[in-house]
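Protein chains in written order, with the working numbering: chain A, 5 to 274; chain B, 1267 to 1656.
By construction, the Cβ of each residue, glycine as well, lies at the ideal position given by its N, Cα and C atoms.
Take a look at the structure set out below.
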């Protein structure tokens, strides 16, 4: 019986290989970000030198700040629109064109980013919009809105409709019923959706490079252009910081969605 | 039986679908209500009066439209036709929160993010009640459904029975004119269901409130309700107190749906005063009491409940000289089903039919019990039979 719970050698080996394949490059990058040497591939002892370098690199800091602002605002708009779309799709009566609407909402999920980016670029050019912060933000909103909608809709789908009905017959009009019962119950999914949108926006290169303008490069664009001139160890430091930020957001998002799926279960029974 | 208990508010004389005195307006009047989903007519022209203080049950198989009717009373569906009058007001198109009606949901629909106390207070807060008054009312409700000490718990920290009580307290807290209960006991196990039935009836009587319950469980409807409306394919098949429904069903379908019954198809042969002689295919000639509404000649079914049929080793000799007074059928016991309180015997008649007789096990030791293959006489009086159109 003892053997049952233990992994066989083969399983351990394949697990180790799989994890190594996924995380070894990242691990090497993190280690090399603390490299004291000027050469990327030569180990020169532990140092925080490249982190110093990064914090003194104004252009890079500006790009990082730009990325952060784009991610935060596009995630907020996407969460608002995505939540409304999810509510309309799962709560609305069967309105005309509902299937078409849901299909169109999810199209960006499978659409190649190059196509999304290119078509948005054409649109902005046609509208004669000045490309910069707002065009990138709008582009990222269209990209991430569908992810938010998927997350929120799955939560709404698992929610009992009679909860809203109960609120209504206890004196709430439909809007109040939504605000006082449905919204608190889907809040964790909305938070998770926001964080997902935030990270997606933060690491997007393709769409951002299509839709941004001069002087408003996001961090991925900046890094990419630096790397083309040769990898500086400073890039390793930036990437490590980005990885840390994204990891933190993902951990919080998954905790939030776990909380949402087991609402209240964490509270121990008396 | 519940309909024999003394009731307040003049419900004691709750008759079938009889016309009410003009002075006593019903609390709720449903007039020709219909609802169609696509091409499916879920509720098809239902008219019904509910009196104040009544405990009314809507009974029917799944898909008969009883839940749709209840949802129309709550305001979750709007009827396509007809009126729903509460007092003098037509509420057919009113929204749920505009009606002085509350509902208890089948799955209770407790708000998982709120405590027991906040669940019960939810409707009171919406009614803009003063804070102190809310606290008093919640405490009153908690005591009413015996949930003291659990006020701070969340719904998922409660047992099924406790959740059911919270749902009830929440629905009662606003003191609605009418309480709708959608299969309120379906999720409870049998023992708990029976005790809760008693508590619900007690509560309804004490509060003098009007309850409409939807159920597919005929025993539950019989136990609790003053009157039962049986629904079939969107229509009300019969509205009657439990006893009348069971002993004088209007149709073959109702007779078979409510309880167990033996049915014999046949034709009238002779009319003798208040008796009809009916020749049946499977049980020979039967003498039955003429139904209240006289029937003409033609095809009929004779219906007898299993517990009305007596078994003995030889034919009874009572009412000697009038052999036709008693229907006695010879047969052989084909099957015995012991159920604890009663035993059901399946008797294969010499005339070809099968009759089920239910006998109370009134003694612990029955040395003289019948056995399979034994010759037997099954007998019953003309008054125990119901004549139904085929």
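Which one or two residues does DSSP pair with residue i in a beta bridge?
i, result
"residue 1641(B)", "1598(B)"
"residue 1622(B)", "1612(B)"
"residue 1303(B)", "1306(B)"
"residue 207(A)", "Answer by DSSP bridge pairing: none, since residue 207(A) is not bridged."
"residue 1604(B)", "1609(B)"
Count the other C-beta atoms from every protein chain shown that fall within 10 angstroms of the C-beta of residue i, then say buried if there are 16 or more, exposed otherwise.
i, result
"residue 262(A)", "exposed"
"residue 1429(B)", "buried"
"residue 169(A)", "buried"
"residue 1565(B)", "exposed"
"residue 56(A)", "exposed"
"residue 1603(B)", "exposed"
"residue 1735(B)", "Any answer about residue 1735(B) is impossible in this case: the structure gives chain B only from 1267 up to 1656."
"residue 27(A)", "exposed"
"residue 1645(B)", "buried"
"residue 1320(B)", "buried"
Go ahead and pull the three-state DSSP assignment for residue i.
i, result
"residue 23(A)", "helix"
"residue 1347(B)", "strand"
"residue 47(A)", "coil"
"residue 1504(B)", "strand"
"residue 1576(B)", "strand"
"residue 1418(B)", "coil"
"residue 1481(B)", "strand"
"residue 1535(B)", "strand"
"residue 154(A)", "helix"
"residue 174(A)", "coil"
"residue 1325(B)", "strand"
"residue 1377(B)", "coil"
"residue 37(A)", "helix"
"residue 1527(B)", "coil"
"residue 1563(B)", "coil"
"residue 1593(B)", "strand"
"residue 1355(B)", "strand"
"residue 1384(B)", "helix"
"residue 1449(B)", "coil"
"residue 1389(B)", "helix"
"residue 1649(B)", "helix"
"residue 1655(B)", "strand"
For residue i, which residues in the same chain have their Cβ closer than 6 Å to its Cβ, ignoring the five residues on either side in sequence?
i, result
"residue 1550(B)", "1617"
"residue 1539(B)", "none"
"residue 1666(B)", "The structure shown does not extend to residue 1666(B), since chain B is modelled only from 1267 to 1656, so the question has no answer here."
"residue 1443(B)", "1366"
"residue 121(A)", "210, 211 and 214"
"residue 94(A)", "157, 160 and 161"
"residue 1404(B)", "1383, 1386 and 1387"
Can you grab the Cα-Cα spacing for the pair residue i / residue j, in whole Å?
i, j, result
"residue 271(A)", "residue 166(A)", "Unreliable placement is indicated for residue 271(A), whose pLDDT of 36 sits below 50; the coordinate value is still reported in the next sentence. So the alpha carbons of these two residues sit roughly 24 Å apart."
"residue 218(A)", "residue 181(A)", "47 Å"
"residue 40(A)", "residue 49(A)", "5 Å"
"residue 259(A)", "residue 159(A)", "15 Å"
"residue 207(A)", "residue 62(A)", "20 Å"
"residue 1408(B)", "residue 1354(B)", "33 Å"
"residue 123(A)", "residue 175(A)", "48 Å"
"residue 1460(B)", "residue 1372(B)", "17 Å"
"residue 44(A)", "residue 235(A)", "7 Å"
"residue 1593(B)", "residue 1529(B)", "14 Å"
"residue 1289(B)", "residue 1446(B)", "Confidence in residue 1289(B) is poor, its pLDDT being 47 and thus under 50, which makes the residue's placement too unreliable to answer from."
"residue 177(A)", "residue 142(A)", "34 Å"
"residue 21(A)", "residue 14(A)", "11 Å"
"residue 1398(B)", "residue 1406(B)", "12 Å"
"residue 1374(B)", "residue 1427(B)", "11 Å"
"residue 1636(B)", "residue 1573(B)", "16 Å"
"residue 1449(B)", "residue 1479(B)", "7 Å"
"residue 189(A)", "residue 1379(B)", "7 Å"
"residue 1468(B)", "residue 1451(B)", "15 Å"
"residue 87(A)", "residue 187(A)", "10 Å"
"residue 241(A)", "residue 148(A)", "27 Å"
"residue 1535(B)", "residue 1554(B)", "12 Å"
"residue 1654(B)", "residue 1568(B)", "6 Å"
"residue 150(A)", "residue 163(A)", "20 Å"
Which same chain residues end up closer than 7 Å to residue i when comparing Cβ atoms and leaving out the 5 residues on each side of it in sequence?
i, result
"residue 1456(B)", "none"
"residue 53(A)", "40"
"residue 1341(B)", "1360, 1361, 1362 and 1365"
"residue 1328(B)", "1482"
"residue 83(A)", "152, 194, 197, 198 and 201"
Kindly list the residues whose CB is nearer than 8 Å to the CB of residue i, restricted to its own chain and excluding five residues on each side of it in sequence; keep chain order.
i, result
"residue 1580(B)", "1643"
"residue 239(A)", "227, 230 and 231"
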